[in-house]
Structure formats: structure tokens, C-alpha cells
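Asks: Okay, here's the structure, questions in a sec.
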Amino acid sequence: RRPVVPTDPDALAESARRRMTRTGWSYVTGGAGAQRTVDANREAFGRYRIVPRQMVDVGERSLATTLLGRDLPAPVLFAPVGALELAVQHQLGRGGRRAAPRNAEPALARAARDLGLPVAISTQASTPMEDTAATLGDSPRWFQLYWSSDDALVESFVRRAEASGCEAIVVTLDTHVLGWRTRDLDLGYLPFARAEGIAQYLSDPVFQQLVETRVRAASTVRSSRTTGTAADASPRPTVAAVRSLLSIARHHPGPTWRNLTQPYARAAVETFLEVFSRSTLTWSDLAWLRERTTLPVLVKGIQHPDDARAALDHGADGIIVSNHGGRQIDNAVASLDTLAPVVDAVRAHAGTGTRVPVLFDSGIRTGADVFTALALGADAALLGRPWVYGLALAGADGVRAVTEHVLAELDLTMALAGVSGTSQIGRHNLAL
Ligand code: FNR
20 RRPVVPTDPD ALAESARRRM TRTGWSYVTG GAGAQRTVDA NREAFGRYRI
70 VPRQMVDVGE RSLATTLLGR DLPAPVLFAP VGALELAVQH QLGRGGRRAA
120 PRNAEPALAR AARDLGLPVA ISTQASTPME DTAATLGDSP RWFQLYWSSD
170 DALVESFVRR AEASGCEAIV VTLDTHVLGW RTRDLDLGYL PFARAEGIAQ
220 YLSDPVFQQL VETRVRAAST VRSSRTTGTA ADASPRPTVA AVRSLLSIAR
270 HHPGPTWRNL TQPYARAAVE TFLEVFSRST LTWSDLAWLR ERTTLPVLVK
320 GIQHPDDARA ALDHGADGII VSNHGGRQID NAVASLDTLA PVVDAVRAHA
370 GTGTRVPVLF DSGIRTGADV FTALALGADA ALLGRPWVYG LALAGADGVR
420 AVTEHVLAEL DLTMALAGVS GTSQIGRHNL AL
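The sequence shown begins at 20 in full-length UniProt numbering and counts up by one.
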């Protein structure tokens, strides 16, 4: 019997919690520190109220929109979520031994394809992007980039994204270091999550080269230890991370995974820890990326109008207002409260005639929430934790159900607010 996917967002989360491992649940639901921004993101929606309007002909309604030149059935995307496999670990029992085929991203991709809504494929996905792209068929997809400290690896990711049919690059700016995630820290999940989020790297030719160089260097270090020369100052992977990676490799169909050996796995984790981010980035680096792809580049993690302006000045084609679901800074401002100022800055900066898309995430749970974000000026909203809960509950069916619930409520909210198309939604629909 298929599990029921509740329409109530709290009931949805609670049903998912009962199916997930503690580790998976904590990873998905948890935020930074004392969880104040996770809560603030939700509370902020309570401060913007929708005003119903009557006697407007709303007999024919459409959620359709156009984003970056692509017609979409609704202004909703699937937010990038890394290490997604952690969300479906209930299928393995609590012992952590993997008996089922790996299926998190394929399930997401099937649901997204059925709905025709774009997926933002994470740099830290549990599945190589080429496999996800194959499942997506002609359905739209974007690539979310964590900017590596290795230029060649960044370029390789971008080339692969282009070859995989991605229609935009989303550069996530707010996670060059990982926030203080208390729940994950207390459960010691990090080694496992890191291994679950390493698929894009392992399947990358540039990354494989870096790993091979490291394996060779390690054997040189070993043979020169007797003379007391080289010292290895790289970050040490934990035994758990290496074990986890090897166990993933055993169950993954991809050839690059199956051939992982103990020294290669260790070197892969070490290399990943070294290259996964770059904290020295400044706005001028955006131009470097801009020159290397013809795809639109959006920046994710904007919370200040000055940052939005700087992004546009340095070549960004779109802005994603987000605080990473409250996972980065505890007590950071609610993402929704930063939306209108950023929208105003972008609209004033871009001038008339050009429509620079401003997207929003962090706290969207319902169709009314999407309506509120659109009313404050967003062109589209990214759905995050709710679809992950749907996935944990019922795989592709669960992702589809959760998204359909959000879209149905958005449609009804429009009808009852006297709006028949998403482009008509504006601040006039709110009691400001
Ligand atoms: C994320 N998010 C994220 N963002 C990103 O750019 N790359 C990533 O790999 C991830 N990974 C990730 C994992 C999990 C488990 C969560 C919950 C979130 C952030 C995500 O894209 C989005 O910004 C937030 O999920 C929005 O917050 P809500 O609405 O989910 O609370």
C-alpha cells in the first residue's frame, strides 16, 4: 500500500520523520545553531497577509510562466539538495547496510519530468549529473555549482553541465564554509554525508586526475619517509568516510565507482575535502565564470540589495534570494524579509526593458507561500525540504504529490484573491 502524503506541511514533515533514519532526518530538517533562522523563515510568512478579492472573472486560470526564455507550467523549481541519498535511507533499515538500489535522484528526476518543472542538480548530488540528465529526458534542468578551489574542476563541472543539457548555472555563494549545524554535529553524520555528496566529483575526469596524482604522491611520501623529507598536511578523512564511500561504490552501477579501492577511496575523500570550496572568492571572480559559459549564471544566497547590485555589475543573469533554508547562519534575517528590498534594487538597477529574474527560497511550504513570494516580486520559487520529505515518504510519487499539493493551493489562492495569471500577482495582493 502506498503511504499517504499529507497535504498539511507539518503532518508531511512528521510522516517523513517516522520513515527516515535519525541521521537522514537531522540532516534534512536541521539548520544552523539554535535553529532560529529555520523558525524565522517560517514565521516571516505570517507577517505578510493575502487580501481576498471578489467578483473578478477567474474562470480561466493559468500558473504558466516564462523563465530565462523557457515556458514552464508553473513558477516552481526543485531546489538543489546535496547528499540526497541520506533522505531515503529508511529503505535500508537502521543498520546502515545498503540493500536497495540507489534511487534518490532518479526518483526526483522522474517526478520533475512528469511535472515539467526544472531541477537544480546539486554539485553534491548522490548521482552523477549525466545519469540524472538521462532520466530527465527533455525536461528542464539547471546545474548548481559549489565553486571549487580548483579552476580546472570548476570548468569541468560547467562543461559537463552544458553537455547534460543544463539551461543555467546557479552559483551558490553562501556555503563556501559549512554552517554550524548542531544536529548533524551531535549525530556525527558528516563523514557519511560527505561521502553521499561526492558523486559529481568521482565521475569527473579532472577530479580523477587529482586523486590519481594524490595516490602517486602518497606512495612517494611513503617511500621517502625513511629519509624524513615530505610531510602530508592535507585534511585527514575519517575512517567512516572512507568506509562509507567504499560501500556506496559497491552498490553503484557506474564503472568509476566500482573500481574504487581502499587507497583510491581515501585519496578521493582527501581531495574532496581540499577542493570542494573556495573562501577567497570575490565579485571579480564571477567574471571568470561568465567568460567560460554562454549559459545564464544565477547567484544563490543573496540577502542584501548591495549584493544583488554587485552580482548584476559582475555579469550575473539572475538572483536567487535564499539563506539556504537557515542552514548557514543562526539568527540570520528571515529570507522572505530580504525579498522585497532585493527585488526593488534589481528592478531599479536593470532599468526598464530587461527582466532580470529574481527567484526565492527558504521557508516555502505551501501554495499560499509561493503566492506570497510572487506577490513580493519573485519570478519563481524554489521548493526545498517539502519535496525531500515527499521523496522520503513515497519516492517519485511522493515528490509528485507534494508538488501537486503546492500547485493546487497556489491555483486556488489565485482564484480566491481574484488573480488568473501568475504575472498579475503583486504587492497589491498583500496587506502591507
Ligand atoms: C540544501 N540546500 C542546498 N543548496 C545548494 O545550493 N546546494 C546544495 O547542495 C544544497 N543541499 C541542501 C541539502 C538539504 C538537505 C537542504 C534542506 C537544503 C539549500 C536548498 O537549495 C534551499 O536553499 C533550501 O532548502 C530552502 O529552504 P527550505 O525552504 O527547504 O526550508
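From the three backbone atoms N, C-alpha and C, an ideal C-beta is built for every residue, glycine too.
For clarity, every value in this text was computed on a predicted model and none was experimentally measured.
Assign S298 to one of two classes, buried (16 or more other C-beta atoms within 10 Å of its C-beta) or exposed (fewer than that).
Replies: Counting from 1 along the sequence shown, the entry for residue 298 is found at position 279. With fewer than 16 Cβ atoms within 10 Å of its Cβ, S298 is classed as exposed.
Asks: For V190, count neighbouring Cβ atoms within 10 angstroms of its own Cβ and tell me buried if that reaches 16, exposed if not.
Replies: Reading the sequence shown from its first residue, position 171 is the one you call residue 190. By the neighbour-count rule (16 or more Cβ atoms within 10 Å), V190 is buried.
Asks: If you measure between the beta carbons of A353 and A327, is that distance less than 7 angstroms?
Replies: Translated into the one-based positions of the sequence shown, residue 353 becomes position 334. Translated into the one-based positions of the sequence shown, residue 327 becomes position 308. Cβ atoms of A353 and A327: not closer than 7 angstroms.
Asks: What residues match up with L401 in a beta bridge as DSSP calls it?
Replies: In the sequence shown, counting from the first residue as 1, residue 401 sits at position 382. Its beta-bridge partners are L96.
Asks: How long is the line joining the alpha carbons of A187 and F162, rounded to whole angstroms?
Replies: By one-based count along the sequence shown, residue 187 stands at place 168. By one-based count along the sequence shown, residue 162 stands at place 143. Computed Cα separation, rounded: 6 angstroms.
Asks: Compare the C-alpha of E62 against each of G370, D76, M148 and G345 and name the closest.
Replies: As a working mapping, residue 62 is identified with position 43 in the sequence shown. Of the listed residues, the one whose Cα sits closest to E62 is G345.
Asks: Among the candidates A93, E104 and I348, whose CA atom is the shortest distance from the CA of A427?
Replies: Within the sequence shown, numbered from 1, the residue matching residue 427 stands at position 408. Comparing Cα-Cα distances from A427 to each of A93, E104 and I348, the minimum goes to A93.
Asks: Residues in the same chain with beta-carbon distance under 8 angstroms from S81, minus the five sequence neighbours each way, listed in chain order, please.
Replies: Reading the sequence shown from its first residue, position 62 is the one you call residue 81. So the qualifying residues of the chain are S439, G440 and T441.
Asks: Where do the N-terminal and C-terminal ends of the beta strand (DSSP E) with T85 fall, by residue?
Replies: Numbered from its first residue, the sequence shown carries residue 85 at position 66. Unbroken beta strand (DSSP E) run through T85: T84 to L86.
Asks: Can you pull the DSSP bridge partners for Q163?
Replies: Numbered from 1 along the sequence shown, position 144 holds the residue referred to as residue 163. BP columns for Q163 point to V189.
Asks: Run through the DSSP bridge pairs and tell me what I444 is partnered with.
Replies: One-based indexing of the sequence shown puts residue 444 at position 425. None; I444 has no bridge partner.
Asks: Which runs of the beta strand (DSSP E) fall wholly inside the segment 333 to 396 and span at least 3 residues, in chain order?
Replies: Entirely contained in the segment 333 to 396, the beta strand (DSSP E) runs reaching 3 residues are, in chain order, 337 to 340 and 377 to 379.
Asks: What are the boundary residues of the beta strand (DSSP E) that includes R89?
Replies: What you label residue 89 is simply residue 70 of the sequence shown in a count that begins at 1. Unbroken beta strand (DSSP E) run through R89: R89 to L91.
Asks: Quick check on DSSP: helix, strand or coil for A139?
Replies: The residue labelled residue 139 in the question sits at position 120 within the sequence shown. In this structure, A139 counts as strand in the three-state DSSP scheme.
Asks: Inspect the beta-carbon positions of F379 and V340 and report whether they are closer than 7 angstroms.
Replies: Here residue 379 corresponds to residue number 360 of the sequence shown, with the count starting at 1. Here residue 340 corresponds to residue number 321 of the sequence shown, with the count starting at 1. For F379 and V340, yes; Cβs fall inside 7 angstroms.
Asks: Can you look up S242 in the DSSP assignment and give me helix, strand or coil?
Replies: In the sequence shown, the residue the question calls residue 242 occupies position 223. It is helical.
Asks: Can V100 be considered in contact with the ligand FNR, in the sense that its beta carbon sits closer than 6 angstroms to one or more heavy atoms?
Replies: One-based indexing of the sequence shown puts residue 100 at position 81. V100 Cβ: within cutoff of the ligand FNR.
Asks: In whole angstroms, give me the CA-to-CA distance for I140 and L155.
Replies: Position 121 of the sequence shown, counted from the first residue, corresponds to residue 140. Position 136 of the sequence shown, counted from the first residue, corresponds to residue 155. Distance between the alpha carbons of I140 and L155 is about 11 angstroms.
Asks: Please report the distance separating the alpha-carbon of G88 from that of T313.
Replies: As a first step, residue 88 must be located in the sequence shown, where it is residue number 69. As a first step, residue 313 must be located in the sequence shown, where it is residue number 294. When rounded, the distance between both Cα atoms is 14 angstroms.
Asks: Measure the C-alpha to C-alpha separation of A35 and R366 and round it to an integer number of angstroms.
Replies: Start at 1 with the first residue of the sequence shown, and residue 35 comes out as number 16. Start at 1 with the first residue of the sequence shown, and residue 366 comes out as number 347. Cα to Cα, the separation comes out at about 39 angstroms.
Asks: Taking C-beta to C-beta, are V362 and A286 nearer than 7 angstroms?
Replies: In the sequence shown, residue 362 corresponds to position 343, counting from 1. In the sequence shown, residue 286 corresponds to position 267, counting from 1. No; because the gap between Cβ atoms is not below 7 angstroms, this pair is not in contact.
Asks: I'd like the span of the beta strand (DSSP E) that includes G320, first residue to last.
Replies: Start at 1 with the first residue of the sequence shown, and residue 320 comes out as number 301. Note, G320: beta strand (DSSP E), V316 to I321.
Asks: What number of angstroms, rounded off, separates the C-alpha of L331 from the C-alpha of G337?
Replies: As a first step, residue 331 is located in the sequence shown; it is residue number 312 there, counting from the start. As a first step, residue 337 is located in the sequence shown; it is residue number 318 there, counting from the start. Using only the alpha carbons, I get a separation of about 8 angstroms.
Asks: Using the Cα positions of A153 and A144, report the straight-line distance between them to the nearest angstrom.
Replies: One-based indexing of the sequence shown puts residue 153 at position 134. One-based indexing of the sequence shown puts residue 144 at position 125. Cα-Cα distance, rounded: 15 angstroms.
Asks: Is I140 near the ligand FNR - that is, is its Cβ less than 6 angstroms away from at least one heavy atom of it?
Replies: Taking the sequence shown and counting its residues from 1, the one referred to as residue 140 is at position 121. No, the ligand FNR has no heavy atom inside 6 angstroms of this Cβ.
Asks: Given A359, which residues of its chain have a CB within under 7 angstroms of its CB, disregarding the five upstream and five downstream residues?
Replies: Counted from its first residue, the sequence shown places residue 359 at position 340. Taken in chain order, the residues that qualify are L395 and G396.
Asks: Measuring from the CB of I383, is there a heavy atom of the ligand FNR at a distance below 6 angstroms?
Replies: For the purposes of this step, residue 383 is taken as residue 364 along the sequence shown, with counting starting at 1. True, at least one ligand heavy atom lies under 6 angstroms from that Cβ.
Asks: Would you kindly work out how many angstroms separate the C-alpha atoms of E423 and R446, rounded to a whole number?
Replies: Numbered from its first residue, the sequence shown carries residue 423 at position 404. Numbered from its first residue, the sequence shown carries residue 446 at position 427. For E423 and R446, the distance between alpha carbons rounds to 25 angstroms.
Asks: Whole angstroms are fine: how far does the CA of P324 sit from the CA of A450?
Replies: By one-based count along the sequence shown, residue 450 stands at place 431. By one-based count along the sequence shown, residue 324 stands at place 305. Answer to the nearest angstrom: the Cα atoms are 23 angstroms apart.
Asks: When the Cα atoms are used, what is the spatial distance from R37 to A171?
Replies: For this step, residue 37 is matched to residue 18 along the sequence shown. For this step, residue 171 is matched to residue 152 along the sequence shown. Taking the straight line from one Cα to the other gives about 43 angstroms.
Asks: Determine which residues share a DSSP beta bridge with R68 and list them.
Replies: Counting from one through the sequence shown, the residue named residue 68 turns up at place 49. A450.
Asks: Give the DSSP-derived three-state secondary structure of S81 in the structure shown.
Replies: Reading the sequence shown from its first residue, position 62 is the one you call residue 81. Here S81 sits in strand by DSSP.
Asks: Pick out the complete alpha helix (DSSP H) segments inside the segment 206 to 242, 4 residues or longer, and give them in chain order.
Replies: Runs of the alpha helix (DSSP H) inside the segment 206 to 242: 209 to 215 and 218 to 221.
Asks: Between the segment 192 to 212 and the segment 41 to 58, do three or more beta carbon pairs fall short of 8 angstroms?
Replies: Yes: at least three Cβ pairs fall under 8 angstroms.
Asks: DSSP three-state label for Q281, please.
Replies: Your numbering for residue 281 matches position 262 in the sequence shown. Looking at Q281 - three-state DSSP - the assignment turns out to be helix.
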